[in-house]
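Chains as they are written, first to last, in our numbering: chain A, 427 to 838; chain B, 67 to 216.
Have a look at the structure below, then the notes.
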């Protein structure tokens, strides 16, 4: 089992205080903290070998290019892509999603076609498809969820038709923690000839992902949600799809030959990486991947499952106080993301009060306004865990919530 | 614990639990909605004017303790005041919650709304505290659009 104390020692920020209390950082679905190894790699890059990549013959450029491309290899291995040329650097999962909508969607979605997403989607895997559908006269359909926050697979089956061209699904819900049975869903989509996009923003950081095994057509994820720096993300797609897509960003680096009239594109992956890339942060993400691989994604997954079970077991104590937990109660069906509603305390107030205690939660609609609205509440408070959170921190969360509820009920 | 000099002192908790002037007015002179899209606070403010005076003022809607208690305290302060006085109180309130210094007159004008002074230490909550006030200000200046905090 992973050694959480050892891991915590690598994260300098976890020793800081907020409002005079030790920081209890439970907002990992929003962004994750970085180990010193990742932080150091950024400094090392800028201190020792910063140079533009790909075009130089001088040593610094060779060093920077080597590290930059090595990072790409690391990502490729991490998700078991066939080839690192299928790893396109982007800013984040949101950009990756928009790029698929623009570069694949506008070419391949036509009037009358259908796109399926789930009721759990983050806005970034919803709105690009809304816009695409409106533009093309296509139809966006929403796969419903049941009372537990799990996908209605029977409904999904009914919704898959010969008109379905794309199924785009959030693997793990950032809002309520549901893990969708994507392995099965991908197969069902392919059976009707549809492509499948997997939004791995909340899964790639927390469990082993094998794109060949899953056989998804596209995968997107963000570096900053997996101990990597902000401003770097990944778009993975199968070769035939990338070969067929026309680049959205054109310009330097992504070309073979240019005249004043025309240009030809460079081969993958350069075709989709115009201009100077986010070199330092790509390298930083590579180091994050090393760090995660060193712990082992299976270990991280097991640890989070067990801490989620622990939290779920404690939940009845909160339930007695009227707290409602959203999402599946079965620890096999959910990640370590807990969204709840305290009837006597508005989420905004709860967030502030927990902040006073040093506990960082997120409150609001978590970029999933339609979902949260469908839960019948104006907003939720969300605690989301990662490999460096402890069982003790879960206790502090529960105790803190009870204290807050009692204060609001009875006064000081 | 979180009370004392901080945000959730007793008077704020009191106004949150038992908001004053809560509920629509029949036949208001003006009724305007205020909305904070970030957190979902949504209030409607009703004002009954006669000549230059705020004869009655009320609110309803959903929101956090800060937005609700601020709205409640505001209605208590503004009821019976002249519109021009309301404007001065609004200016003073806005100064206070953004942490600026106030003079004697402004402090006097604020009355009980002074308790919301602690909000200035919590920039993330300023929009909550000022939602009702912005909404009333809009209502009194004849703006008929929905007020948002964006």
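Backbone N, C-alpha and C define an ideal beta-carbon position, used for all residues, glycine too.
Please decide whether residue i counts as near chain B, where near means a Cβ-Cβ distance under 8 Å.
{"i": "residue 443/A", "result": "no"}
{"i": "residue 794/A", "result": "no"}
{"i": "residue 809/A", "result": "no"}
{"i": "residue 772/A", "result": "yes"}
{"i": "residue 778/A", "result": "yes"}
{"i": "residue 805/A", "result": "yes"}
{"i": "residue 831/A", "result": "no"}
{"i": "residue 825/A", "result": "no"}
{"i": "residue 775/A", "result": "yes"}
{"i": "residue 761/A", "result": "no"}
{"i": "residue 784/A", "result": "no"}
{"i": "residue 790/A", "result": "yes"}
Alpha carbon to alpha carbon, how far is residue j from residue i? Give it in angstroms, no decimals.
{"i": "residue 813/A", "j": "residue 830/A", "result": "26 Å"}
{"i": "residue 675/A", "j": "residue 468/A", "result": "26 Å"}
{"i": "residue 722/A", "j": "residue 715/A", "result": "10 Å"}
{"i": "residue 816/A", "j": "residue 703/A", "result": "36 Å"}
{"i": "residue 689/A", "j": "residue 720/A", "result": "43 Å"}
{"i": "residue 525/A", "j": "residue 564/A", "result": "18 Å"}
{"i": "residue 747/A", "j": "residue 823/A", "result": "14 Å"}
{"i": "residue 156/B", "j": "residue 150/B", "result": "10 Å"}
{"i": "residue 123/B", "j": "residue 547/A", "result": "41 Å"}
{"i": "residue 460/A", "j": "residue 488/A", "result": "27 Å"}
{"i": "residue 661/A", "j": "residue 439/A", "result": "29 Å"}
{"i": "residue 774/A", "j": "residue 790/A", "result": "7 Å"}
{"i": "residue 452/A", "j": "residue 76/B", "result": "28 Å"}
{"i": "residue 616/A", "j": "residue 540/A", "result": "14 Å"}
{"i": "residue 917/A", "j": "residue 111/B", "result": "As displayed, chain A neither begins before 427 nor continues past 838, which places residue 917/A out of reach and without an answer."}
{"i": "residue 494/A", "j": "residue 557/A", "result": "34 Å"}
{"i": "residue 798/A", "j": "residue 133/B", "result": "21 Å"}
Is it buried or exposed, residue i, if we count other Cβ atoms within 10 angstroms and call 16 or more buried?
{"i": "residue 673/A", "result": "buried"}
{"i": "residue 70/B", "result": "Per-residue confidence for residue 70/B stands at a pLDDT of 46, beneath the threshold of 50, marking its modelled position as unreliable; the derived number appears in the next sentence. Under this definition residue 70/B is an exposed residue."}
{"i": "residue 484/A", "result": "exposed"}
{"i": "residue 190/B", "result": "exposed"}
{"i": "residue 649/A", "result": "buried"}
{"i": "residue 788/A", "result": "buried"}
{"i": "residue 551/A", "result": "buried"}
{"i": "residue 818/A", "result": "exposed"}
{"i": "residue 684/A", "result": "exposed"}
{"i": "residue 198/B", "result": "buried"}
{"i": "residue 128/B", "result": "exposed"}
{"i": "residue 755/A", "result": "exposed"}
{"i": "residue 479/A", "result": "buried"}
{"i": "residue 847/A", "result": "No answer is possible for residue 847/A: it lies beyond the span of chain A, which begins at 427 and ends at 838."}
{"i": "residue 659/A", "result": "buried"}
{"i": "residue 808/A", "result": "buried"}
{"i": "residue 682/A", "result": "exposed"}
Please tell me whether residue i and residue j are closer than 8 Å, where the distance is taken between their beta carbons.
{"i": "residue 230/B", "j": "residue 100/B", "result": "The shown model of chain B, from 67 to 216, leaves out residue 230/B, and the question about it has no answer."}
{"i": "residue 640/A", "j": "residue 687/A", "result": "no"}
{"i": "residue 185/B", "j": "residue 140/B", "result": "no"}
{"i": "residue 655/A", "j": "residue 701/A", "result": "no"}
{"i": "residue 597/A", "j": "residue 628/A", "result": "yes"}
{"i": "residue 106/B", "j": "residue 692/A", "result": "no"}
{"i": "residue 476/A", "j": "residue 490/A", "result": "yes"}
{"i": "residue 792/A", "j": "residue 507/A", "result": "no"}
{"i": "residue 594/A", "j": "residue 619/A", "result": "no"}
{"i": "residue 152/B", "j": "residue 192/B", "result": "no"}
{"i": "residue 759/A", "j": "residue 768/A", "result": "no"}
{"i": "residue 779/A", "j": "residue 810/A", "result": "no"}
{"i": "residue 545/A", "j": "residue 800/A", "result": "yes"}
{"i": "residue 826/A", "j": "residue 444/A", "result": "no"}
{"i": "residue 527/A", "j": "residue 554/A", "result": "yes"}
{"i": "residue 113/B", "j": "residue 94/B", "result": "yes"}
Indicate whether at least one CB of chain A lies closer than 8 Å to the CB of residue i.
{"i": "residue 131/B", "result": "yes"}
{"i": "residue 128/B", "result": "yes"}
{"i": "residue 73/B", "result": "yes"}
{"i": "residue 191/B", "result": "yes"}
{"i": "residue 226/B", "result": "A question about residue 226/B goes unanswered here, because the residues of chain B that appear run from 67 up to 216."}
{"i": "residue 188/B", "result": "yes"}
{"i": "residue 88/B", "result": "no"}
Item to complete: List in chain order: all unbroken alpha helix (DSSP H) runs of 4+ residues lying wholly within the stretch 576-614 of chain A.
Response: 579-585
Item to complete: Jot down the residue ranges of each uninterrupted beta strand (DSSP E) in the stretch 801-836 of chain A, minimum 3 residues, whole runs only, in chain order.
Response: 806-810
Worksheet entry | 3 or more residues per run - each beta strand (DSSP E) lying fully within the stretch 637-708 of chain A | 644-648, 659-663, 681-684, 689-691
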